[in-house]
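Report on the following structure.
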């Protein structure tokens with residue numbers, strides 16, 4: 036091409052020379068070619084759109100995950116603080132008044148409303164960061180800490196003991212209650228220590244219990260001898276009894292019947308709180324009730340986030356016993372102290388979060404690895420489809436930098452806007468969470484696509500490549516570099532599995548250990564490398580007998596499967612990691628459900644449990660018949676329970692004296708059951724099977740020995756000899772005929788189970804009710820009709836109590852999303868691996884159709900060709916998922932995720948990780964089914980296209 040040919044013409048079509056008649060004129064230079072990015076996007080809009088959708092979904096998942104974790108952790112913090120009883124979550128600052136050595140005026144001044152209110156406002160300001168006080172729910176004032184007896188004869192005396200009252204002068208009483216009768220307590224003039232009459236209010240519940248009326252008076256003992264008269268001026272009703280204003284001191288709301296701690300026998304007396312006007316507080320200095328100033332600061336949990344917890348705990352510790360306490364004493368007085376149980380609430384919250392976060396991190400690392408591999412597969416698909424085009428550019432003098440820059444520009448257009456849109460969708464989907472972790476996640480996805488895809492595509496053209504070179508698994512030999520890499524990954528996987536089994540999913544500091552959390556991914560990676568090495572062996576073995584069979588379909592499909600590119604390790608890796616992650620996530624969800632079912636069954640023993648308080652009262656036959664007739668009841672099993680049955684001293688040397696004393700002091704629980712119904716309950720609850728006939732007592736009643744099922748410790752103690760038992764059910768002999776590790780009747784681990792029909796005095800105390808459609812309301816109505824001490828507990832309600840906290844629900848949602856994402860990426864990996872070789876298979880079908888291949892035979896050919904890798908991935912994923920769960924189960928305890936019910940509740944059970952068959956099998960079956968479906972669709976579609984379209988001259992496919 037000459038210089039004149041390369042020079043662009045102007046818009047008018049004239050040459051570049053200047054017009055001689057008009058002089059020189061400006062020549063406008065046009066573009067030599069269309070822009071690269073626009074041309075490529077117009078040429079392959081489908082590929083660009085598919086890449087954009089993949090980046091959008093992956094960026095959304097990467098951005099929404101940290102926001103979802105932040106959201107459920109913050110919601111869990113709000114739930115734990117708000118659900119805790121106000122008296123345990125608020126901050127209470129108390130201070131003693133000045134001593135008697137100070138003048139009365141100086142002692143009275145700190146107790147007046149103006150002074151306590153000023154201190155309250157200063158405390159709110161000082162505690163604003165990081166506590167965020169809720170001023171509307173906070174209160175302050177003065178109260179007596181010692182309950183004083185009242186001698187008025189009209190007051191009720193349950194055990195001839197006079198009631199005792201405390202006196203409080205709280206702030207803002209009219210704002211938290213309504214006046215039912217009388218008027219609000221008020222003061223006339225200034226109140227001093229020697230004031231002898233003040234007004235007070237009581238709640239309607241207290242007035243009804245203790246016979247208060249407007250105008251009633253109570254004489255309060257004082258230090259000077261002359262009593263302080265407190266006159267009831269009004270009866271009030273709390274607006275929000277559950278509010279911290281009333282809940283912090285329950286006696287303000289209602290009177291309580293409490294036992295006398297100094298009485299030798301159980302005796303009770305009434306106690307309550309009388310509410311004075313705030314300005315009447317100085318009068319309490321003259322009483323012997325030991326007055327105290329208080330400021331109750333209720334925290335507002337709504338502005339708090341999970342990141343504030345360490346700072347909040349540090350601030351609480353500082354205010355309780357640290358530099359912060361000195362600051363409080365400068366405001367509230369030298370004797371001021373701060374008491375709160377908020378630190379225990381935060382400690383319980385952090386224990387819950389530290390137990391759940393590592394388990395969630397396993398799912399996050401798994402899905403992140405699968406997504407990264409799928410993106411690499413997408414890059415491989417792009418490199419394969421554009422290999423000829425880029426090779427031509429390279430042969431025409433294109434530099435690697437120039438080609439890479441053009442690919443980067445092209446991919447950036449398909450990546451950056453979808454990544455930004457995914458980030459936006461994540462922010463809109465989950466509010467009230469940090470932005471920067473989501474930005475980092477979406478940016479990481481965009482950077483991976485924009486960097487890895489151009490690099491992988493460009494670096495293949497560093498050297499000229501001859502056409503037709505075979506690159507298949509059958510003839511590929513691993514290099515030394517690959518062997519070293521695989522051994523390094525094997526060592527990392529072994530180390531991660533050992534660390535997880537030994538110390539669990541958390542590191543030494545209680546945080547997340549990424550190496551341990553990546554154990555499932557590393558196991559899947561090692562399995563993929565091993566399977567890739569072993570893959571040619573079964574193909575070679577299967578090809579020999581198939582070659583002797585009639586027909587070319589089987590042999591041709593196996594031959595083509597063996598000639599798959601060595602890049603097939605990447606789809607296999609994606610499938611194994613995806614299937615392992617889905618299996619692990621599904622097993623976690625199944626383990627959580629199973630643990631809750633087991634705990635609910637342990638708590639009730641059946642679908643419903645009806646019992647008296649402490650199993651101390653016998654249930655009547657009439658009540659049992661009424662329960663049997665209740666709607667939805669299938670079977671009722673009466674059970675007789677008696678605790679603390681003493682065992683006789685050991686007669687031989689089978690156990691030590693210390694063991695005998697310990698067992699005898701505790702006693703054993705005696706359980707009388709109906710053998711057949713109890714055997715059915717034990718089988719339904721997954722307990723040790725018990726033959727019902729073994730509990731049947733035989734022989735005459737006078738000399739009968741009752742067969743007994745005992746707990747292992749009791750069975751070891753009693754042996755196989757008969758023992759005399761003395762109980763409320765009668766005196767009889769028992770012989771242990773079997774053992775059971777636990778029983779559905781109780782949580783106790785020391786028990787004896789006998790046939791209730793053989794007991795001398797049969798008195799059922801508990802009913803175990805079974806039925807698929809139990810009516811809990813009808814059961815409770817029957818219990819109310821029978822007596823006040825009968826309780827009804829249903830299995831469904833007990834189970835629902837374990838799924839109450841937002842942190843548990845959030846972690847379960849993430850695992851459910853991880854299972855769905857793992858399955859989706861697995862299916863996407865199958866599609867990408869099939870699309871990568873789709874043009875080659877289409878050309879093969881076109882050539883074979885010219886030789887008489889039918890559409891049905893084409894479908895069988897493609898199906899048999901793809902089946903070996905699909906079966907390898909499915910069976911390998913199933914086995915690797917099962918092995919991963921078996922290896923990691925000792926280090927994973929799902930107890931807090933499954934059974935935690937709130938702050939301070941504790942976790943009494945363990946919840947080990949178990950393999951779930953559905954989570955293992957369903958994704959594997961889906962991979963095989965999708966592979967077969969894609970092969971059938973491609974064969975059908977290829978039959979609709981003409982052979983001329985596929986067999987173009989010069990096509991080297």
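In our numbering, the protein residues as written are 36 to 992.
Glycine included, each C-beta is placed from N, C-alpha and C at the ideal position.
Boundaries of the beta strand (DSSP E) around residue 235: 232-238.
In this structure, the straight-line span from the alpha carbon of residue 141 to that of residue 320 is close to 12 Å. In this structure, residue 461 and residue 102 form a Cβ contact; the two beta carbons are roughly 6 Å apart against a cut-off of 8 Å. Within the model, the alpha-carbon separation for residue 127 versus residue 619 is close to 46 Å. Restricting attention to 311, 907, 163, 159, the CA atom closest to the CA of residue 226 is found in 311.
Residue 124 holds the alpha-carbon nearest to the alpha-carbon of residue 351 among 79, 124, 811, 900. Across the structure, residue 560 and residue 486 are spaced so that their CA atoms are roughly 23 Å apart.
Proximity of the region 427-440 to the region 453-467 falls short of the contact definition, fewer than three beta-carbon pairs being nearer than 8 Å.
When only Cα atoms are considered, residue 702 and residue 762 end up about 11 Å apart.
Residue pairing by DSSP puts residue 184 in a beta bridge opposite 199.
The C-alpha of residue 522 is placed about 23 Å away from the C-alpha of residue 412.
At the C-beta level, residue 916 and residue 492 stay beyond 8 Å of one another. Here DSSP, grouped into helix, strand and coil, assigns residue 451 to helix. Rounded to whole angstroms, residue 552 and residue 730 show a C-alpha spacing of 50 Å. The residue among 146, 631, 377 with its C-alpha nearest the C-alpha of residue 836 is 631. 8 Å or more divides the Cβ of residue 654 from the Cβ of residue 665. Secondary structure of residue 323 (DSSP, three-state): coil. The shortest C-alpha to C-alpha distance from residue 465 to any of 640, 107, 374 is the one to 107.
Residue 100 is bridged by DSSP to nothing; it lacks a bridge partner. For residue 840, there is no enclosing alpha helix (DSSP H), since its DSSP letter is neither H nor E. Residue 199 is a Cβ neighbour of residue 306, given a cutoff of 8 Å. Looking at 185, 905, 841, 425, the one whose alpha-carbon comes closest to that of residue 257 is 185. Contact annotation: the region 203-221 touches the region 161-179, with at least three C-beta pairs closer than 8 Å. In this structure, the alpha-carbon of residue 95 lies about 23 Å from that of residue 608. In the pairwise beta carbon analysis, the region 812-822 is classified as not touching the region 368-383: fewer than three pairs are separated by under 8 Å. The beta carbon of residue 283 sits closer than 7 Å to those of 121, 122, 125, 331, all from its chain and outside the five residues before and after it, given in chain order. In the DSSP assignment, residue 291 is bridged to 306. Here DSSP, grouped into helix, strand and coil, assigns residue 266 to strand. Look at the beta carbons and you see the region 259-272 touching the region 228-236: at least three pairs across the two are nearer than 8 Å. If you compare the alpha carbons of 329, 79, 98, 902 with that of residue 155, the shortest gap goes to 329.
In the structure shown, residue 91 adopts helical secondary structure according to DSSP, grouped into three states.
Under the criterion of beta carbons closer than 8 Å, residue 181 and residue 324 qualify as touching, at roughly 5 Å.
Under the three-state reduction of DSSP output, residue 553 falls in the coil class, being neither helix nor strand. Following the DSSP letters along the chain, one finds residue 424 inside the alpha helix (DSSP H) bounded by residues 422-430.
A check of alpha carbon separations from residue 828 across 645, 567, 625, 566 identifies 645 as the nearest. Sorting 308, 304, 826 by C-alpha distance to the C-alpha of residue 239 places 308 at the top.
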